[in-house]
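The opening position of the sequence shown corresponds to residue 18 in the numbering used here, with each subsequent residue numbered one higher. Note that beta-carbon positions come from the ideal geometry of N, C-alpha and C, so glycine has one too. Single-structure report; data block below.
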Amino acid sequence: MADSYISKFKPKSHFFTDPAAMSQVIGQKFGPETPDVFWLTSRFTIPAAKAYAICKGVVLVQPQTGSSELVNLILRPYEQPIPGFNIKYFVYRGLKKSDFFAGDKVLAATTDTSDFINKVNNSFASFYNSVSPGQPLPAFFAKFMGYDPATQADVLPLSDFFFKESEYVESGGEFVEQGEFAFELPLIDKGASLGSFANGECGIDIILNYGDYKLPLPNDEFVFDLAYARAAKVKIELSTGMTDYEKKLKREQIFQFLDAAAYFGFHAIDGGVVSVTSGGVTNKKGTAIYDDIVSKFFTKNKLYLYIQSDRTRSYNFYGNYLEAGSVNNLKIGTGLVSLTEEVYGTDGWPLYIDDAPRGHNENQNSLYFQLATDNNVNTMLYGQVAQIVNAQHNNFCGADDLQLPDNLDGTSSIWTKIIEISNPNVGPDGAKLNIASFNILLYQGKIYTYLAGEEIGDQNETSKILDVPNFFDDVFDLIQGTPLFKYTSNSVYWTFPSQKIKLINHFNNQKQYGISCVQTTIVKDRIAGNVTTPTVDRIIYITETIDTLNSATAIGGKISNNTQSSPALGTLVTGDGSYQLPSPFYYERVFFTDSTEVITGLRLKAIDGTIPDKIILGVTQAEISLIEDIIVTNSLTNPRLFLIDLFEDGNELISAENISYQKYKVGVVGELNTGSLKLFLPAVDLMVYSLDRKYHYSMRYSEFMPDMVIGQDYLTENTVI
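Next up, the structure:
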């Protein structure tokens with residue numbers, strides 16, 4: 018068996034209530050209820066029992082819609098409970114309002130109040146005693162900690178509360194903080210008591226974080242606003258008036274939510290701990306997590322398998338993993354033999370749920386499956402949150418590893434090798450049951466096409482021109498994104514991450530060197546120009562490697578293994594607001610001519626001589642605006658930047674200086690309102706260049722970039738212009 022890759026996560030959480038007090042029945046479970054209804058809230062029944070902070074985090078309290086006596090609490094992690102796998106929010110639904118507020122004021126601290134109330138009262142008193150020592154404390158209004166329903170509309174995004182910066186408006190001749198955001202959200206420690214769940218049905222939502230960004234509305238992502246935060250329970254429901262494509266988009270939203278049973282059951286892996294407050298605080302590990310916590314959920318034995326595929330959509334979203342005459346795209350089973358052909362999903366939702374008992378005596382339950390493939394060179398599989406037992410290396414499987422031998426008639430197999438994933442189990446020998454958990458796999462195995470244009474034939478018939486993506490096309494998304502931290506439109510510098518993982522192949526001198534799973538960072542910066550053009554505003558798209566499979570057959574090179582879990586770590590800014598590569602990376606300038614244009618060429622380098630694991634695309638703000646206009650005009654969904662090779666059959670262009678280079682035309686591929694993919698190009702060609710297939714740049718992007726000189730500690734820029 019491969020080394021325990023999944024144990025790297027070492028999850029540590031506190032359970033949100035006393036597990037001995039709660040129960041769950043089938044009608045309260047997370048997940049699909051029908052092909053048209055999917056519950057996002059894990060509901061449960063409980064007598065009045067305390068609620069506890071799952072992790073250290075920032076707290077927002079909101080009224081629960083339909084009740085004057087209940088509130089919901091949103092906890093945004095300050096310290097992630099599963100390092101390397103970020104949670105956006107924990108939403109507690111159905112707490113007693115009387116544990117937080119008395120009228121319009123925060124409850125005063127007593128020996129009976131929660132750790133949360135005691136903490137906020139202490140912080141309030143400390144603040145005013147420091148600014149007005151010896152003076153009576155002013156009234157502590159609920160609105161001071163974000164609870165002000167009268168001024169906070171349902172449509173306000175939750176992110177506006179957690180990422181606010183003070184904004185001041187004029188009132189009565191004075192400048193005061195804007196009403197709905199005139200507050201500070203408190204920070205609470207892991208395991209601290211928050212208040213009490215009310216007697217009856219309550220709920221918990223667990224949401225994954227895809228990055229601290231926002232997109233223009235409307236978009237295809239789930240809307241996290243106050244209406245969502247205030248609901249008693251939340252589900253995704255498909256209506257009869259939706260088109261098939263609109264239904265598919267809604268179904269995709271389930272990827273961002275976890276069953277509470279699976280979340281805490283995941284902690285049963287090696288290194289996982291769930292602390293519980295029940296009389297005292299105890300730490301639960303391994304099967305004790307199941308016995309004392311997970312077993313209280315109806316979904317206690319469900320393994321949720323999420324398979325992300327092309328363009329970060331679910332497996333077979335684009336219908337390219339089907340063979341003619343068949344609807345099946347998956348072979349799966351609990352043993353190595355007799356795998357059953359099925360359709361990936363459960364009740365039409367893009368999620369496979371396994372709860373079958375196993376007749377063995379091992380301490381892990383395995384699930385075996387094969388995925389559809391055309392055996393192309395970019396076929397790859399990665400277990401983002403999974404233990405792939407027969408992985409090639411580091412939880413990856415490359416194209417050669419996944420490919421089966423040809424059939425007896427000489428045709429290629431339409432299935433990958435049998436893939437085995439394993440997860441902890443419980444139960445007696447011969448009746449082993451899953452401990453509820455979740456696995457997330459990333460897979461690309463069949464080429465998909467997009468509409469590149471149309472042509473008129475000899476008989477005046479119209480035919481479609483279809484094309485396929487490049488080795489890293491579709492990686493750079495969130496083209497219209499902006500950071501959640503508020504900024505002005507003329508801000509010199511900002512950055513934000515896109516934390517949906519993507520898979521890319523690495524090439525050097527036209528040779529494949531391995532696979533990386535990456536997150537991406539989008540950077541806006543400004544660089545000094547010349548007298549005619551004093552400054553240039555730029556947009557930079559950067560991949561940040563999370564894990565790497567180096568090819569076992571690579572010769573003469575090794576990919577830099579500078580992996581990190583947060584792409585924000587890879588962004589540095591100089592004093593003048595320009596982006597600087599983080600150590601150990603740097604660039605060297607190489608000037609060459611393309612026709613009559615002199616290009617400031619850039620080669621991406623690593624100080625230790627390894628092949629850089631980054632892909633960078635840099636353009637100016639004016640150039641990316643051409644792409645943004647296309648997205649708006651054509652109402653594109655899930656748009657991605659796309660580079661069209663302008664060199665034929667992999668033969669690179671040669672400059673007058675005898676320098677080999679690549680030249681691309683930049684466009685955008687997005688989903689039309691039918692769900693089909695189409696390529697669009699700006700009316701004015703947007704060209705980018707590369708010398709190494711690593712650093713890609715437009716002429717205007719690199720024109721004024723200074724030379725970089727290796728110094729004693731790192732690299733310094735020669736900024737003489």
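For residue i, does the three-state DSSP call read helix, strand or coil?
{"i": "Ala403", "result": "coil"}
{"i": "Gln325", "result": "strand"}
{"i": "Phe168", "result": "For the record, residue 168 in the displayed sequence is Thr; it is not Phe. Of the three classes helix, strand and coil, the one that applies to Thr168 here is helix, per DSSP."}
{"i": "His410", "result": "strand"}
{"i": "Asp261", "result": "helix"}
{"i": "Glu720", "result": "coil"}
{"i": "Gln497", "result": "coil"}
{"i": "Lys29", "result": "strand"}
{"i": "Tyr245", "result": "helix"}
{"i": "Ala215", "result": "coil"}
{"i": "Gln581", "result": "Low local confidence applies: a pLDDT of 38 at Gln581 is under 50, so the model's placement there is unreliable, with the coordinate-based value given in what follows. Gln581 falls in the coil class under three-state DSSP."}
{"i": "Glu269", "result": "helix"}
{"i": "Lys481", "result": "strand"}
{"i": "Ile518", "result": "strand"}
{"i": "Ser210", "result": "strand"}
{"i": "His284", "result": "helix"}
{"i": "Gly743", "result": "Examination of residue 743 is not possible in this model, given that the chain is present from 18 through 738 alone."}
{"i": "Leu57", "result": "coil"}
{"i": "Phe179", "result": "helix"}
{"i": "Pro441", "result": "strand"}
Drop a sphere of 10 angstroms on the beta-carbon of residue i, count the other beta-carbons inside from all chains shown, and report buried for 16 or more, exposed for fewer.
{"i": "Gln325", "result": "buried"}
{"i": "Phe608", "result": "exposed"}
{"i": "Leu266", "result": "buried"}
{"i": "Gln420", "result": "buried"}
{"i": "Gly573", "result": "The predicted position of Gly573 is uncertain, since its pLDDT is 35 and thus under 50; no value can be drawn from it."}
{"i": "Leu653", "result": "buried"}
{"i": "Ser30", "result": "buried"}
{"i": "Ala215", "result": "buried"}
{"i": "Ala37", "result": "exposed"}
{"i": "Gln748", "result": "Residue 748 lies beyond the residue range present for the chain, which begins at 18 and ends at 738; the question has no answer from this structure."}
{"i": "Ser533", "result": "buried"}
{"i": "Gly10", "result": "Outside the displayed span of the chain (18 to 738) sits residue 10, for which this structure offers no information."}
{"i": "Leu384", "result": "buried"}
{"i": "Tyr95", "result": "exposed"}
{"i": "Gln152", "result": "exposed"}
{"i": "Pro486", "result": "buried"}
{"i": "Pro28", "result": "buried"}
{"i": "Gly618", "result": "buried"}
{"i": "Ala795", "result": "This structure cannot speak to residue 795, because the chain is shown only from 18 to 738."}
{"i": "Lys160", "result": "buried"}
{"i": "Glu86", "result": "exposed"}
{"i": "Gly447", "result": "exposed"}
{"i": "Pro367", "result": "buried"}
{"i": "Val615", "result": "exposed"}
With a CB to CB cut of under 7 angstroms and the five nearest residues on each side skipped, what residues in its chain are close to residue i?
{"i": "Thr363", "result": "Pro49, Tyr369, Ile370"}
{"i": "Asn345", "result": "Glu358, Glu359, Val360"}
{"i": "Ser140", "result": "Pro203"}
{"i": "Gln125", "result": "Correcting the residue type first, residue 125 is Ala in the shown sequence and not Gln. Closer than 7 angstroms at the Cβ level, and outside the excluded window around Ala125, lie Asn138."}
Using a Cβ-Cβ cutoff of less than 8 angstroms, which residues in the same chain neighbour residue i once the five nearest sequence positions on both sides are dropped?
{"i": "Glu191", "result": "With a pLDDT of only 41 at Glu191, under the threshold of 50, the placement of this residue in the model should not be trusted; the figure read from the coordinates follows. Excluding sequence neighbours, Glu191 sits near nothing in its chain."}
{"i": "Pro155", "result": "Tyr145"}
{"i": "Ser515", "result": "Tyr227, Gly228, Tyr230, Asp494, Leu495, Gly498, Gln536, Thr537, Thr538, Ile539, Pro584"}
What whole-angstrom Cβ distance do residue i and residue j have, given they're in contact under 8 angstroms?
{"i": "Pro699", "j": "Leu621", "result": "Contact doesn't hold; Cβ gap of about 26 angstroms is too wide."}
{"i": "Phe274", "j": "Phe455", "result": "Phe274 to Phe455, Cβ: 10 angstroms. No contact."}
{"i": "Ile221", "j": "Val290", "result": "Not quite, the Cβ-Cβ distance comes to about 19 angstroms (not below 8 angstroms), so this is no contact."}
{"i": "Tyr307", "j": "Asp276", "result": "With 8 angstroms as the limit, Tyr307 and Asp276 do not qualify as a contact, their Cβ atoms being about 14 angstroms apart."}
{"i": "Lys682", "j": "Asp611", "result": "Incorrect: roughly 13 angstroms between the Cβ atoms, too far for contact."}
Looking only at its chain, what residues have a beta carbon closer than 6 angstroms to the beta carbon of residue i, apart from the 5 residues adjacent to it on each side?
{"i": "Glu779", "result": "In the structure as shown, the chain begins at 18 and stops at 738. Residue 779 is therefore absent and cannot be evaluated."}
{"i": "Lys317", "result": "Ala278, Val311, Ala453"}
{"i": "Ile457", "result": "Tyr323, Gln401, Val402"}
{"i": "Phe180", "result": "Leu501, Phe502"}
{"i": "Thr433", "result": "Gln387, Leu388, Thr390, Leu419"}
{"i": "Lys25", "result": "none"}
**Report entry** Sufficient close CB pairs (3 or more, under 8 angstroms) joining the segment 234–247 to the segment 295–311
**Finding:** no
Requested in this report: Indicate whether the contact test is met: 3 or more Cβ pairs, each with one atom in the segment 291–306 and one in the segment 325–339, closer than 8 angstroms.
Outcome: no
Query raised in the report: Would you call the segment 628–637 and the segment 559–567 in contact, with 3 or more CB pairs under 8 angstroms?
Result: yes
**Report entry** the segment 97–116 in contact with the segment 245–255 per 3-pair CB rule at 8 angstroms
**Finding:** Touching, per the Cβ criterion.
Query raised in the report: Does the segment 655–669 come within contact of the segment 683–701, defined as at least 3 CB pairs closer than 8 angstroms?
Result: yes
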